[in-house]
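**Q** Take a look at the following structure, please.
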Amino acid sequence: MGPSDSFIHLEPPDEALCARVAERDAAAFEALYDRYRDRVYAWAAHVLGPGQAEDTTQEIFSLLWRRAGQFNQTRGQFTQWFWALTRNHILRDLRGVSRQRRVQAGDQIAGLISTAIAEGVDVEVAAFAKVDSGRALDALGRLPPDQRRVLVMSYFPGLSHSAIAEELSLPLGTVKKRARLGMQKLRQALIPEAISEEPTQQKGGRPHE
Amino acid sequence: MNDDETLENPEEVSEAADTLTAALAAASPHRPPPELRNRVIRNAVRGRRLAPAWRYAAVAAIAAAVAGIVTWNVAAAQPASHHANSDVAQLEATNEVVFDVIACKGGHVAVLRATQEGSVSYGKLYTCPTSEDVVFMSGKLSSPPAGKMYELWLTEGGVTRLEGALQVWPSLTGSGYYFGSITFKADRKNPSYDTAQLTLQPAGTTQPDNAILRWTRS
């Protein structure tokens with residue numbers, strides 16, 4: 100992925116669309132659905148099961164419609180707010196699901212992402228997915244697999260660091276360190292200058308910790 | 390860092406969220422079925438779970454004053470004259486019809502222009518190839534004088550008929566103009582008209598008179 104398409108500025112911005120949704124603008128709601136449906140659905144399908152993904156996706160976007168007025172642009176970007184809303188809803192549905200199943204889901208997701216990083220995906224399928232997915236895979240590809248795995252397992256199925264440490268038979272401190280380092284590297288990878296200056300410094304070849 | 394929290398800093402979580410979710414969508418074989426889109430949008434916009442106060446707000450959502458719509462059943466040839474604000478269920482049903490027709494794929498919009506120079510009034514007639522429902526909305530109307538109504542007349546195959554009277558409401562923008570609308574069912578899907586006129590005349594008139602807006606198929 101070249102530097103020119105590393106970051107995308109969608110028009111109208113998510114924040115503007117959300118403000119319109121708060122004013123009950125159905126067209127703006129459709130636009131946000133089209134932007135984020137694939138991500139919400141995939142997340143729900145992998146951690147809750149494909150059979151529940153449709154209902155969960157519907158519930159999350161219904162929440163968006165109803166709560167759009169609560170989004171405060173001065174407190175952050177729309178995606179921060181929307182992913183927090185999505186995650187809270189999915190983790191609520193995950194209550195009662197065994198840790199083993201959550202670990203399996205996290206491992207499956209980590210494996211899929213690693214495969215996509217290694218083999219690439221057909222990012223030409225959709226214009227939006229092309230830029231956004233390319234950026235994401237590129238950024239995650241800069242992380243050592245162990246750090247990436249911890250981030251994935253903690254984020255999508257909501258596993259605590261303690262649970263991850265137990266499942267991976269690692270000291271808790273190691274898991275915390277991987278999470279912290281992973282976030283630091285991810286943040287660096289998402290800086291446009293870093294990408295443009297180091298376009299080829301990514302997959303493999305770095306110590307894991 | 391709290392063991393029960395996945396990441397310490399909320400900002401960090403959000404950074405990871407956008408990247409992780411995009412990567413998962415790219416890597417995952419799971420895609421939402423196309424039909425889910427309509428279901429999600431319908432159910433959300435219709436606001437099944439909204440609290441009463443929100444339901445009224447939602448009614449005003451799709452178009453500025455859709456709340457004024459009266460459903461007109463042409464087949465029965467009897468206007469539904471109750472005020473929509475008194476019946477949330479009716480409003481939601483009408484709201485859904487309006488949304489469906491306006492958003493209809495392959496739909497047609499006829500724009501009615503003012504017949505009098507200087508008038509800023511306009512109207513739009515929406516038809517849909519997959520529905521009998523028809524929606525007409527008109528904006529920047531003057532306040533109707535006592536004893537007169539805004540009426541929609543449509544001509545098809547040389548026959549002109551009254552489709553109904555608009556329910557009009559003061560514009561929510563505070564402009565001083567009025568907004569009017571009506572929905573009705575045609576006798577078939579994707580109805581096609583030759584002429585559409587909006588008149589301002591006394592109720593009960595059998596012919597269109599004093600058209601303030603007009604559209605003619607070119």
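Taken in order, these protein sequences are the chains called A and B.
Heads up: the first sequence runs through residues 100 to 308, numbered per the working numbering.
Heads up: the second sequence runs through residues 390 to 607, numbered per the working numbering.
Every residue, glycine too, gets a C-beta built ideally from N, C-alpha and C.
What did DSSP end up calling ALA440 (chain B) once you bin it into helix, strand or coil?
**A** Confidence at ALA440 (chain B) is low in this model, with a pLDDT of 31, below 50, so the placement of that residue is unreliable and no value is reported for it.
**Q** Rounded to a whole number of angstroms, what is the C-alpha to C-alpha distance between PRO533 (chain B) and ARG138 (chain A)?
**A** Taking the straight line joining both Cα atoms gives about 50 Å.
**Q** Decide if THR588 (chain B) is buried, meaning its Cβ has at least 16 other Cβ atoms within 10 Å, or exposed.
**A** Buried, by the Cβ-count rule.
**Q** Who are MET526 (chain B)'s beta bridge partners in DSSP?
**A** BP columns for MET526 (chain B) point to B:LYS513, B:SER570.
**Q** In angstroms with no decimal places, state the Cα-to-Cα distance between ALA447 (chain B) and VAL557 (chain B).
**A** Confidence is the limiting factor: at ALA447 (chain B) the pLDDT is only 33, short of 50, which leaves the residue's position unreliable, though a coordinate-based value still follows. Approximately 18 Å, taken between the alpha carbons.
**Q** Counting only Cβ pairs nearer than 7 Å, list the residues of chain A close to ASN432 (chain B).
**A** Going along chain A in sequence order, the residues near ASN432 (chain B) (Cβ under 7 Å) are GLN157, SER161.
**Q** Does any residue of chain B have a CB that is nearer than 9 Å to the CB of ALA178 (chain A)?
**A** According to the sequence as given, residue 178 (chain A) is Thr; it is not Ala. Judged by the 9 Å Cβ criterion, THR178 (chain A) is in contact with chain B.
**Q** Assign VAL196 (chain A) to one of three DSSP states: helix, strand, or coil.
**A** Three-state DSSP puts VAL196 (chain A) in coil, outside helix and strand.
**Q** Are the CB atoms of THR544 (chain B) and GLN586 (chain B) within a distance shorter than 9 Å?
**A** Yes.
**Q** When you compare the CB of SER520 (chain B) with every CB in chain A, is at least one pair closer than 9 Å?
**A** Cβ-Cβ to chain A under 9 Å: no for SER520 (chain B).
**Q** Anything in chain A within Cβ reach of ILE420 (chain B), meaning under 8 Å, just list it in chain order.
**A** The sequence given here has Arg at residue 420 (chain B), not Ile. Within chain A, the residues near ARG420 (chain B) are ASP137, TYR140, ALA141.
**Q** Let me make sure I understand the geometry here. Which of A:ARG200, A:ASN171, A:PRO256, A:GLU265 has the alpha-carbon closest to that of LEU190 (chain A)?
**A** Measuring from the Cα of LEU190 (chain A), the nearest candidate turns out to be A:PRO256.
**Q** Compute the Euclidean distance between the alpha carbons of ASP124 (chain A) and TRP164 (chain A), then round it to the nearest angstrom.
**A** One C-alpha to the other measures close to 9 Å.
**Q** In chain order, what residues of the region 187-198 of chain A put their CB closer than 8 Å to some CB of chain B?
**A** Result list empty, no residue passes.
**Q** Tell me whether the beta-carbon of THR178 (chain A) lies closer than 9 Å to the beta-carbon of TRP142 (chain A).
**A** No, they are not a contact pair.
**Q** For VAL251 (chain A), return the contacting residues in chain B, with the cut-off set at a CB-CB distance below 7 Å.
**A** Chain B residues near VAL251 (chain A): LEU409.
**Q** Compare the Cα-Cα distances from TYR582 (chain B) to each of B:PHE488, B:VAL490, B:THR572, B:VAL548 and report the closest residue.
**A** Looking at the Cα atoms, B:VAL548 is the closest of the given residues.
**Q** So which residues of chain A does VAL429 (chain B) contact, with C-beta pairs closer than 7 Å?
**A** Within 7 Å Cβ-Cβ: TYR132, THR156, GLN157, PHE160.
**Q** Kindly indicate which three-state DSSP category GLN176 (chain A) falls into: helix, strand or coil?
**A** If DSSP states are grouped into helix, strand and coil, GLN176 (chain A) belongs with coil.
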